[in-house]
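J.:
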Amino acid sequence: NGVVHLADYRAPAWRVEQVELEFDLDISATRVLARLHLRRGAGAAQPLRLDGAGQELHAIRLDGRALEPHEYQLDAQSLTVFAVDDGAVLETEAGLAPDANSALSGLYLSGSAGAGFLLTQCEAEGFRRITWYPDRPDVLARFRVLLRADRQRFPVLLANGNPAGSGELEDGRHWAAWDDPHPKPSYLFALVAGRLEQIEQDYTTADGRAVKLRIFAEADAIDRCGYAMDALVRAMRWDEQRYGRNYDLDVFHIVATHDFNMGAMENKGLNIFNAKYLLADPQRSSDEDYAHVEAIVAHEYFHNWTGNRVTCRDWFQLSLKEGLTVYREQQFSAEMNSATLKRIEDVQVLRRAQFTEDAGPLAHAVRPERYSAIDNFYTATVYDKGAELVRMIAGRLGETAWRRGMDEYFRRHDGEAATVEQFLAALGDANGVDLSAYLAWYAQAGTPQLQARGTYDAAARRYRLDLRQRTAPTPGQARKQALPIPLRVALLGADGRALPLRREAGAAPQDECVVELDAASRCFEFVDIDAPRVASLLRGFSAPVQLSTDQGADDLAFLLRFESDGFNRWEAAQQLARRAFERVLGGAQNVPELDIWCDTLAGLFDDAALDPALLAELLTPPELNELAQPCTPLDPAAVFAARERLEQALAQRLGAALEQRHAALLKTERGGLDGAARGRRRLLNRCLRLWLRQDPAQAQEIAATRYVLAASMSERLAALAGLLADGAESGEKALQDFERRYDNDPVTLDKWFALQATIPRPDTVERVAGLLRHARFSLRNPNRVSALLMGFAARNPLAFHRPDGAGYVLIEQALAEIDSLNPTTAARLATALKDWARLEPGRRALLQAALQRLAAGARSQDLADILRRTLGD
Ligand code: B3K
Ligand code: ZN
6 NGVVHLADYR APAWRVEQVE LEFDLDISAT RVLARLHLRR GAGAAQPLRL
56 DGAGQELHAI RLDGRALEPH EYQLDAQSLT VFAVDDGAVL ETEAGLAPDA
106 NSALSGLYLS GSAGAGFLLT QCEAEGFRRI TWYPDRPDVL ARFRVLLRAD
156 RQRFPVLLAN GNPAGSGELE DGRHWAAWDD PHPKPSYLFA LVAGRLEQIE
206 QDYTTADGRA VKLRIFAEAD AIDRCGYAMD ALVRAMRWDE QRYGRNYDLD
256 VFHIVATHDF NMGAMENKGL NIFNAKYLLA DPQRSSDEDY AHVEAIVAHE
306 YFHNWTGNRV TCRDWFQLSL KEGLTVYREQ QFSAEMNSAT LKRIEDVQVL
356 RRAQFTEDAG PLAHAVRPER YSAIDNFYTA TVYDKGAELV RMIAGRLGET
406 AWRRGMDEYF RRHDGEAATV EQFLAALGDA NGVDLSAYLA WYAQAGTPQL
456 QARGTYDAAA RRYRLDLRQR TAPTPGQARK QALPIPLRVA LLGADGRALP
506 LRREAGAAPQ DECVVELDAA SRCFEFVDID APRVASLLRG FSAPVQLSTD
556 QGADDLAFLL RFESDGFNRW EAAQQLARRA FERVLGGAQN VPELDIWCDT
606 LAGLFDDAAL DPALLAELLT PPELNELAQP CTPLDPAAVF AARERLEQAL
656 AQRLGAALEQ RHAALLKTER GGLDGAARGR RRLLNRCLRL WLRQDPAQAQ
706 EIAATRYVLA ASMSERLAAL AGLLADGAES GEKALQDFER RYDNDPVTLD
756 KWFALQATIP RPDTVERVAG LLRHARFSLR NPNRVSALLM GFAARNPLAF
806 HRPDGAGYVL IEQALAEIDS LNPTTAARLA TALKDWARLE PGRRALLQAA
856 LQRLAAGARS QDLADILRRT LGD
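Just so you know, the sequence shown maps onto residues 6 to 878 in the UniProt record's numbering.
1. Might you give, ordered along the chain, the residues of its own chain that have their beta carbon closer than 7 angstroms to the beta carbon of D294, omitting 5 neighbours on each side?
2. Could you pull the start and end residues of the beta strand (DSSP E) that P537 belongs to?
3. Within 8 angstroms: the Cβ of D244 and any heavy atom of the ligand B3K?
4. Could you work out which residue in V238, E202, C230, A222 is closest to T209 when comparing CA atoms only?
5. Output the distance between the C-alpha atoms of L754 and V197, rounded to the nearest integer angstrom.
6. Would L174 be called buried (16 or more neighbouring beta carbons within 10 Å of its own) or exposed?
7. In whole angstroms, give me the CA-to-CA distance for G677 and R686.
8. So the beta strand (DSSP E) P491 belongs to, where does it begin and stop?
9. Pick helix, strand or coil for T345, following the three-state DSSP scheme.
10. Using DSSP with H/G/I as helix, E/B as strand and the rest coil, what is K189?
11. Out of A47, A392, F221, F743, point me to the one whose CA is closest to H304's CA.
12. Where does H75 fall in DSSP's three states?
13. Could you tell me whether the Cβ atoms of A526 and Q449 are closer together than 9 angstroms?
14. Only counting the same chain, and skipping five residues up and downstream in sequence, which positions put a Cβ closer than 6 angstroms to that of A431?
15. Tell whether a beta-carbon distance below 9 angstroms holds between L101 and Q60.
16. Beta carbon of D140, beta carbon of S191: below 9 angstroms?
17. Restricting to runs no shorter than 3 residues, where is the beta strand (DSSP E) found entirely within the region 69 to 134?
18. Check for me: the beta strand (DSSP E) holding L151 runs from which residue to which?
19. Hey, would you say G328 sits closer than 9 angstroms to Y376, going by beta carbons?
20. CA-CA distance, L488 and F529?
21. Thinking C-beta only, is A618 closer than 9 angstroms to L346?
22. What is the residue span of the alpha helix (DSSP H) that residue 882 lies within?
23. When you compare each of D363, V86, G69, V37 to A50 by their alpha carbons, which one comes out closest?
24. Could you spell out the range, first to last residue, of the alpha helix (DSSP H) harbouring F563?
25. Using the C-alpha atoms, what's the distance from A811 back to A442?
26. CB G7 to CB P480, shorter than 9 angstroms?
27. Suppose contacts are defined by Cβ-Cβ distances below 9 angstroms. Is A804 in contact with P767 by that definition?
28. Among E128, Q741, T673, whose alpha-carbon lies nearest the alpha-carbon of residue 880?
29. Taking the beta carbon of S171 as the centre, do at least 16 other beta carbons fall within 10 Å, making it buried, or is it exposed?
30. What is the DSSP secondary structure of V9, counted as helix, strand or coil?
31. Is the CB-CB distance between L609 and L623 below 9 angstroms?
32. What residue does the beta strand (DSSP E) around L655 start on, and which one ends it?
33. Who are the near neighbours of P787 in its chain, counting only those whose CB is closer than 6 angstroms to its CB and skipping five residues on each side?
34. With R277 as the anchor, note down where its alpha helix (DSSP H) starts and where it stops.
35. Quick check: the region 177 to 187 against the region 145 to 161, are at least 3 beta-carbon pairs closer than 8 angstroms?
36. Taking 8 angstroms as the cut-off, is the CB of G172 close to at least one heavy atom of the ligand ZN?
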């Protein structure tokens with residue numbers, strides 16, 4: 006049935022010591038010669054079974070002798086050779102059609118046949134679509150690659166590793182050889198061939214290696230790669246300084262493509278990037294785009310050690326490289342920018358994507374125990390919850406011990422394919438601690454609910470904190486165990502300052518303590534405490550849990566005013582907004598929480614000491630998906646209306662101050678890219694959105710002007726999104742202008758599609774249906790699908806969940822088509838339908854029917870897997 010189980014892992018029966026690949030590249034007919042130097046692996050002698058999919062076999066030789074048909078067996082997924090000796094060399098010749106590869110896995114064409122270029126994507130199982138190979142991450146081989154192609158059509162020929170010669174051939178063809186000295190699994194293989202421009206920079210590593218850094222892109226994009234280069238250099242320095250990790254080849258190459266199934270790929274020495282996460286320029290990129298480029302360039306670079314030098318034994322260990330690398334990127338971004346803001350954004354991502362995943366039918370452990378389509382496990386759980394687990398472990402060890410542990414991890418496993426157990430063992434052994442209790446976090450799905458209750462005994466001067474945890478059942482995991490939960494705690498006095506904390510009399514006092522809940526429930530005591538006003542719990546979001554406390558709205562307002570931990574200050578605002586939302590949704594007319602939320606924020610609005618970016622975040626209630634999460638049965642329109650009431654109330658309460666602050670911020674707005682300018686702009690844009698609610702007539706006029714005069718893309722987008730949400734006529738005019746301006750720039754035109762897909766109005770369904778027929782739209786391009794269809798299905802609940810089901814039908818039809826083109830993209834889009842069972846009965850029936858029809862017709866294993874799990878079959 007195609008299900009793979011972690012428990013069934015066996016070491017490979019055959020290894021590849023070295024592989025030589027020769028490519029004769031052509032858009033529609035590429036030939037691949039593979040020469041595998043084989044070694045017997047673990048276990049008793051077994052026939053050599055290689056993975057393969059889709060290519061044609063032109064020749065097969067063993068130790069130079071052509072094999073007879075009875076000596077091997079070929080089927081749709083594999084090639085088996087029966088009698089192979091240790092040390093044998095197997096040669097195969099394959100034929101591929103890159104231009105017919107719409108799945109964008111394996112070797113494919115980016116762009117048009119006339120002008121585009123060839124490239125590969127192999128993770129997780131794309132290499133088998135290029136040649137027959139033991140396509141699993143624990144087979145590490147040395148790769149030598151020879152590329153041959155027409156020089157005019159393919160002037161640039163790239164592969165992993167170091168350049169090993171190049172030259173001319175007859176008939177206008179040329180060749181380039183590449184040699185990667187670091188043994189690697191096949192999923193890290195890459196090649197790129199085509200007409201590409203480049204920028205270059207010299208870099209010397211801390212240990213003295215001279216490296217050429219190059220970024221390649223098509224001619225119209227190459228002048229937008231400078232920021233990525235800058236980010237790369239900073240990431241390389243940072244990894245040297247913070248982790249002692251140096252780069253290990255003579256070149257480091259990055260290539261940009263518009264046709265890519267994900268964000269980017271860390272192929273050894275040859276990273277390939279979705280152009281959307283590599284290109285940046287002040288006119289066309291938003292502040293968010295810049296942050297993404299910096300983070301993803303760093304992420305892929307950091308993989309060179311966490312992922313490439315130490316790779317994963319099997320795909321169940323995916324979070325070993327992904328969670329760890331996300332965590333390293335989070336540290337890097339926090340140091341490059343505002344640590345508080347970065348933490349807030351990380352937690353937003355976690356709550357919006359991972360907590361919702363954990364609470365639904367697709368919930369799975371950070372290290373799942375089975376899968377039927379591995380590409381469906383590149384999830385928020387594996388990445389973002391995985392990063393939270395690493396963060397907890399790093400926090401448990403402390404900075405110095407964490408570094409010592411990581412050094413030990415690299416020392417033990419460099420050049421190997423490792424497991425989560427080995428990771429925890431290295432970290433623990435280096436520091437004489439046992440971290441194995443954290444394995445349960447990797448094995449157990451679901452978000453723990455943490456309940457906290459504080460009591461103060463004035464006579465005894467003791468503060469007692471009662472903690473209790475519980476995790477609800479998830480699909481396939483009925484019973485849950487207690488997990489180790491570190492909780493960063495402070496007690497604030499009436500003046501807002503942290504009180505000295507002692508766990509026992511006479512101990513040295515601390516401003517903040519970490520208590521670890523290591524059972525279902527426990528109580529912790531603090532002694533010699535005077536007059537605590539409020540407890541600040543889970544500071545910095547010290548564990549990926551859902552915390553509920555017995556604190557009242559006044560306590561939250563106090564935290565919002567005085568808490569010195571920036572994250573928890575924001576969290577207090579979120580919790581207050583959430584309580585107000587729940588009361589409003591419940592139908593209450595009089596909502597004291599709403600007044601408290603508005604009043605407290607109004608009190609902070611003019612606080613000159615407050616970072617403008619943080620203020621902008623304080624002024625933003627949780628987004629719709631977060632608010633909707635606990636609602637069963639869910640009426641998305643009611644959730645939308647309740648959140649609107651929050652925004653309205655806040656806008657009214659702030660009143661004329663919005664216009665004033667907006668005007669003041671505008672005076673200094675020049676489109677600057679430094680952190681301070683970006684922070685001010687965040688507040689500028691937030692003020693505009695609120696002002697549009699408070700005084701639509703006037704604010705719309707200003708927004709229309711700002712759209713035209715905007716000094717930056719962030720400002721332009723905010724003005725346009727505001728106008729569109731209001732249904733303003735000037736918004737439509739601005740949309741037309743936007744399309745004219747950026748018609749030829751795919752990355753920016755995607756913003757145009759996404760803006761329209763997310764207009765929170767019921768008739769957006771018709772608008773999206775119209776855009777599906779737009780000349781620039783194509784179901785073959787994942788970025789376009791993501792902008793228009795994912796934007797609509799995942800980020801526009803009001804329109805997508807229109808009660809007549811029109812939004813569901815639209816997505817159903819598109820999905821059926823995408824499934825036959827690009828299974829990965831289809832499966833990802835289908836995850837936007839996962840919450841059908843929580844909907845109120847009317848919508849639920851409509852969406853369920855759509856899902857069932859889709860499941861009946863699904864062609865790819867990827868889509869079928871998501872639908873099956875979504876429907877709970
Ligand atoms: N490792 C790649 C993701 C590959 C996805 C394959 N379906 C990018 C990254 O996480 O850095
Ligand atoms: Zn990654």
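Backbone N, C-alpha and C define an ideal beta-carbon position, used for all residues, glycine too.
T.: So, to answer that:
1. Excluding residues within five positions, the ones whose Cβ falls inside 7 angstroms are A285.
2. Residues 537 to 542.
3. Remark: the C-beta of D244 is outside contact range of the ligand B3K, defined as less than 8 angstroms to any heavy atom.
4. The candidate whose alpha carbon is nearest that of T209 is V238.
5. Rounded to whole angstroms, L754 to V197 spans 25 angstroms at the Cα level.
6. Classification of L174: exposed, given that the 10 Å Cβ count is below 16.
7. Distance between the alpha carbons of G677 and R686: 9 angstroms.
8. P491 -> beta strand (DSSP E) spans 490 to 498.
9. The answer is helix: DSSP assigns T345 an H, G or I state.
10. Here K189 sits in strand by DSSP.
11. Cα-wise, what sits closest to H304 is A392.
12. Helix at H75.
13. Here the sequence assigns Ser to residue 526, which means Ala is not the residue at that position. Result no, Cβ atoms of S526 and Q449 do not sit closer than 9 angstroms.
14. Hits under 6 angstroms: E413, Y414, R417.
15. Contact flag set, yes.
16. Pairing D140 with S191 gives a Cβ-Cβ distance under 9 angstroms.
17. Assignment of beta strand (DSSP E) within the region 69 to 134, counting only whole runs of 3 or more residues, yields 77 to 79, 83 to 86, 94 to 101, 111 to 115, 122 to 126 in chain order.
18. Per DSSP, the unbroken beta strand (DSSP E) holding L151 starts and ends at 146 to 155.
19. A distance of 9 angstroms or more separates the beta carbons of G328 and Y376.
20. Those two C-alpha atoms are separated by around 17 angstroms.
21. Yes; because the gap between Cβ atoms is below 9 angstroms, this pair is in contact.
22. Nothing can be reported for residue 882: it is not among the residues displayed for the chain, which extend from 6 to 878.
23. Nearest of D363, V86, G69, V37 to A50, Cα basis: V86.
24. For F563, the enclosing alpha helix (DSSP H) has its first and last residue at 558 to 567.
25. Looking at the backbone, the Cα of A442 and that of A811 are separated by about 48 angstroms.
26. Not a contact, by the Cβ cut-off of 9 angstroms.
27. Cβ distance < 9 angstroms, so A804 and P767 count as in contact.
28. This structure cannot settle anything about residue 880, because the visible part of the chain is limited to 6 through 878.
29. Looking at its Cβ environment, which holds fewer than 16 other Cβ atoms inside 10 Å, S171 is exposed.
30. DSSP places V9 in strand when its eight states are reduced to three.
31. Yes, the pair counts as a contact, with Cβ atoms nearer than the cut-off.
32. Taken as a continuous stretch (DSSP letters only), L655 belongs to no beta strand (DSSP E), being part of the alpha helix (DSSP H) at 641 to 659.
33. Here the set comprises N266, T830.
34. Note that residue 277 corresponds to Ile in the displayed sequence, not to Arg. Not the alpha helix (DSSP H): I277 falls in the beta strand (DSSP E), residues 275 to 279.
35. In this structure the region 145 to 161 touches the region 177 to 187; the number of beta carbon pairs closer than 8 angstroms is three or more.
36. No.
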